[in-house]
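**Student:** Mapping the sequence shown onto our numbering, position 3 (from 1) lands on 540, and the numbers just tick up by one.
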Amino acid sequence: MMSVFNSKLKARVPSQKNVIKLDKWYQNELPKKIKSRGKDPHLNHEEIVQTIKWKLARGKFRPNLTNLVRMNTPRVVMQETKKAFRKIAKNQDLQSAMTALCNLKGVGPAMASAVLSAGAPEIAPYMADECLFIFARC
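#1: In the DSSP assignment, find the alpha helix (DSSP H) that holds R612 and state where it starts and stops.
#2: Can you tell which of N640, A634, Y663, Q616 has its C-alpha closest to the C-alpha of L580?
#3: Along the chain, where does the alpha helix (DSSP H) containing Q632 start, and where does it finish?
#4: Take the Cβ of F598 as the centre, count every other Cβ of all protein chains shown within 10 Å, and call the residue buried at 16 or more, exposed below.
#5: Mapping the DSSP letters down to three states, classify Y663 as helix, strand or coil.
#6: Rounded to whole angstroms, what's the CA-CA distance from S650 to W562? Just pull it up for me.
#7: Quick check on K569: does DSSP put it in helix, strand or coil?
#8: Can you give the Cα-Cα distance for E659 and N601, rounded to whole angstroms?
#9: Cβ of A657 versus every heavy atom of the ligand NAP: is any distance shorter than 6 Å?
#10: Comparing alpha-carbon positions, which option in P646, T603, R607, L641 lies nearest K619?
#11: Near K576, what residues of its chain come up, given a Cβ to Cβ distance below 7 Å and the 5 sequence neighbours on each side ignored?
#12: For H579, which of helix, strand or coil comes out of DSSP?
What follows is the structure in structure tokens.
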């Protein structure tokens, strides 16, 4: 199944040689890293920058978003992602978790859902911009 997905992904975005590598990182490595932090799940600065690269490689490219995400300090990234995962763990409060992540520069609802989905897929779905556009047309 993943080989079909990877070939379709490669065909859809032929100019992005990194797209499959980023997708494997997001699907496999990032969730393990978040989970390995035990009762203190969070993303570090490098991981949130990599996540925006993953998101942009799969959807509409917005060149300034990566720079905006990079502007966040490592301390603020850790603080806000910890806060978001705490909200999810304690009360399954998806709205408050999304709000915490949206305090970061360059992070909107779609990016926030990508972060939360990597760390709590059973609670937080990833809602790509492209999915939201479908509902806007209804």
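Positions of the beta carbon are idealized from the N, C-alpha and C atoms, including for glycine. Since we're looking at a predicted model, the values are computed, not measured.
**Tutor:** In short, the structure shows the following:
#1: 611-628
#2: Q616
#3: 631-639
#4: exposed
#5: coil
#6: 17 Å
#7: helix
#8: 31 Å
#9: Inclusion of the ligand NAP in the displayed structure is not the case, the ligand content being empty and no account of it being possible.
#10: L641
#11: none
#12: coil
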